[in-house]
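**Student:** Take any residue in the sequence shown, count from 1 to its spot, add 1385: that is its number in my numbering.
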Amino acid sequence: MAESDWTFDGGQARPSGVERMVNVQLSTVYGDFLAVGYLDRNRGDEQMALIYGVTEGDIGHSDIGDGGIGDGDIGDGGIGDGDIGGGELVQGGPCDGVGGDGMLTRVHSECLTGDAFGSKHCECGEQLSAALHAIASEGRGVLLYLRGHEGRGIGLLGKLRAMKLQQEGLDTVEANLALGFPADARDYEVAADILHDLGVRSVRLLSNNPRKSEALMRHGIKVTEQVPLLTPPRPENITYLRTKRERLDHHLPHLDRGPDRDPELAMDLHGAADWS
Ligand SMILES: Nc1nc2c(ncn2[C@@H]2O[C@H](COP(=O)(O)OP(=O)(O)OP(=O)(O)O)[C@@H](O)[C@H]2O)c(=O)[nH]1
Ligand SMILES: [Zn+2]
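(1) Which whole-angstrom value describes the C-beta separation of G1487 and T1609, a residue pair presumed to lie in contact below a C-beta threshold of 8 Å?
(2) Tell me the rounded alpha-carbon separation between I1436 and L1564.
(3) For S1504, which three-state DSSP category applies?
(4) Could you check what DSSP says for R1428 in three-state terms: helix, strand or coil?
(5) Skipping 5 residues on each side, what residues in its chain have a beta carbon closer than 6 Å to that of H1635?
(6) Using the C-alpha atoms, what's the distance from A1600 back to D1572?
(7) When you compare each of N1622, V1612, S1504 and A1521 to S1412 by their alpha carbons, which one comes out closest?
(8) Suppose contacts are defined by Cβ-Cβ distances below 7 Å. Is Y1530 in contact with M1433 by that definition?
(9) On a CA-only basis, which of L1591, D1641, R1642 and P1617 is nearest C1507? Give me that one, please.
(10) Kindly list the residues whose CB is nearer than 7 Å to the CB of F1566, restricted to its own chain and excluding five residues on each side of it in sequence; keep chain order.
(11) Taking just the CA atoms, how far does L1419 sit from A1560?
(12) Got a sec: does ligand 1 put a non-hydrogen atom nearer than 6 Å to the Cβ of T1624?
(13) Would you please state the rounded distance, in angstroms, between the beta carbons of R1532 and D1430? I believe it to be under 8 Å.
(14) Hey, out of N1427, V1414 and V1409, whose CA is closest to P1400's CA?
(15) Whose C-alpha, out of E1574, L1637, Q1397 and Y1625, is nearest the C-alpha of K1549?
(16) Which value, in whole angstroms, describes the spacing of the CA atoms of P1638 and V1612?
(17) Please report the distance separating the alpha-carbon of G1457 from that of C1509.
(18) Cβ of A1515 within 7 Å of Cβ of L1614?
(19) Any idea what DSSP makes of H1493, helix, strand or coil?
(20) Flag T1557 as yes when its Cβ comes closer than 6 Å to any non-hydrogen atom of ligand 1, and as no otherwise.
(21) Does DSSP put P1400 in a helix, in a strand, or in coil?
(22) Looking only at its chain, what residues have a beta carbon closer than 7 Å to the beta carbon of R1619, apart from the 5 residues adjacent to it on each side?
(23) Quick one: what's F1418 bridged to in DSSP?
(24) Assuming D1578 and V1421 form a contact by the criterion Cβ under 8 Å, report the distance between their Cβ atoms to the nearest whole angstrom.
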């Protein structure tokens, strides 16, 4: 088994659950990214990472299963070995992750209603947009769009049922529990495996959720900083956001303040929709 087929959780080596299948340039309204497609060997999910600041040429082969970024063995030419901002990848040395400050990274849970349809029930779509803006502004970074995380891991139908229960008065945690699901059923092993494959060992995580940081760290990804990804509360989602703060420990300090009273907040939005 090649070195790239292993990943490291808390110092323990285990077979990686992902296989890198394809790299392709992806121009977006936020900038030009490299899309890297993976197969989750365990669940069969197709997954994708969007990387800013590298080109397909920089990362070498898109052949498959045997290459991290820059030729790919873990510890051998990952993103962290390259000068991503300059588009030049130095191969062959030991991988130090992204170095001192960490790679600006968003690990985004799939949300069809928010990401694709602009639902106001949650803030996922605005966070996705803000994260891509932030990564492009920084000049480098990674976004993982995690399939299988829909509805905090309970699936689309589960989430729609949970939303219906919320319209009847339950909060988001109560709704999951009433349907027989845990409050949060997500697993981050596949995210850690993809980051390992890319040679990213250390991240500044765009997230308000400390449990997400803890989960990544349990899987061997060092989180050097949790970078807030705050969006303007709306009448439609304020209860939902307060529940996340009060019951799921999310850092959402802005919910009781407005941008006028907290001018720094607007900077945290990284291009999220205007306050209104
Ligand atoms: N079960 C359930 N899931 C929801 C609901 N609204 C949004 N989601 C899902 O929640 C997931 C996002 O999780 P959140 O808890 O909002 O945020 P997070 O990703 O943990 O934290 P951040 O990194 O700060 O965004 C997405 O997969 C959404 O589909 C809901 O009412 N019930
Ligand atoms: Zn959502």
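Ideal placement from N, C-alpha and C gives every residue a C-beta, glycine not left out.
**Tutor:** Answer, in terms of the structure:
(1) As a position in the sequence shown, residue 1487 is number 102, starting the count at 1. As a position in the sequence shown, residue 1609 is number 224, starting the count at 1. Contact holds; Cβ gap of about 4 Å.
(2) In the sequence shown, counting from the first residue as 1, residue 1436 sits at position 51. In the sequence shown, counting from the first residue as 1, residue 1564 sits at position 179. Near 37 Å, if we compare the C-alpha coordinates of L1564 and I1436.
(3) Locating residue 1504 in the sequence shown gives position 119, counting from the first residue. It is coil, neither helix nor strand.
(4) Numbered from 1 along the sequence shown, position 43 holds the residue referred to as residue 1428. Correct three-state label for R1428: coil.
(5) Taking the sequence shown and counting its residues from 1, one reaches residue 1635 at position 250. Excluding positions up to five away in sequence, the list reads N1593, N1594 and K1629.
(6) As a working note, residue 1572 is residue 187 in the sequence shown. As a working note, residue 1600 is residue 215 in the sequence shown. For D1572 and A1600, the gap between their C-alpha atoms comes out near 8 Å.
(7) Your numbering for residue 1412 matches position 27 in the sequence shown. Comparing Cα positions, the closest option is A1521.
(8) If you number the sequence shown from 1, residue 1530 lands on position 145. If you number the sequence shown from 1, residue 1433 lands on position 48. For the 7 Å CB-CB criterion, Y1530 and M1433 form a contact.
(9) Taking the first residue of the sequence shown as position 1, residue 1507 is located at position 122. The shortest CA-to-CA distance from C1507 to any of L1591, D1641, R1642 and P1617 is the one to P1617.
(10) As a working mapping, residue 1566 is identified with position 181 in the sequence shown. Around F1566: I1539 and G1543.
(11) Taking the first residue of the sequence shown as position 1, residue 1560 is located at position 175. Taking the first residue of the sequence shown as position 1, residue 1419 is located at position 34. Going from the Cα of A1560 to the Cα of L1419 covers about 38 Å.
(12) Position 239 of the sequence shown, counted from the start, is the residue given in the question as residue 1624. For ligand 1, not one heavy atom lies less than 6 Å from the Cβ of T1624.
(13) For the purposes of this step, residue 1532 is identified with residue 147 of the sequence shown, where counting begins at 1. For the purposes of this step, residue 1430 is identified with residue 45 of the sequence shown, where counting begins at 1. Beta-carbon to beta-carbon, R1532 and D1430 are separated by about 5 Å, close enough to satisfy the 8 Å threshold.
(14) Within the sequence shown, residue 1400 is the residue found at index 15, counting from 1. Across the set N1427, V1414 and V1409, the C-alpha of N1427 shows the shortest separation from the C-alpha of P1400.
(15) What you label residue 1549 is simply residue 164 of the sequence shown in a count that begins at 1. Selection E1574, L1637, Q1397 and Y1625 evaluated against K1549 yields Y1625 as nearest (Cα-Cα).
(16) Position 253 of the sequence shown, counting from 1, holds the residue named residue 1638. Position 227 of the sequence shown, counting from 1, holds the residue named residue 1612. C-alpha separation (whole angstroms): 13 Å.
(17) By one-based count along the sequence shown, residue 1457 stands at place 72. By one-based count along the sequence shown, residue 1509 stands at place 124. Confidence at G1457 is low in this model, with a pLDDT of 36, below 50, so the placement of that residue is unreliable and no value is reported for it.
(18) What you label residue 1515 is simply residue 130 of the sequence shown in a count that begins at 1. What you label residue 1614 is simply residue 229 of the sequence shown in a count that begins at 1. Yes.
(19) One-based indexing of the sequence shown puts residue 1493 at position 108. In the structure shown, H1493 sits in a strand (DSSP, three-state: E or B).
(20) Stepping through the sequence shown from its first residue, residue 1557 is reached at position 172. Yes, the Cβ of T1557 comes within 6 Å of a heavy atom of ligand 1.
(21) Taking the first residue of the sequence shown as position 1, residue 1400 is located at position 15. The three-state reading of DSSP puts P1400 in strand, counting E and B together.
(22) Along the sequence shown, read from residue 1 onward, the residue named residue 1619 stands at position 234. Around R1619: K1505.
(23) As a working mapping, residue 1418 is identified with position 33 in the sequence shown. According to DSSP, F1418 bridges with L1411 and Y1437.
(24) As a working note, residue 1578 is residue 193 in the sequence shown. As a working note, residue 1421 is residue 36 in the sequence shown. The C-beta distance from D1578 to V1421 rounds to 13 Å, too long to fall under 8 Å, and the pair is not in contact.
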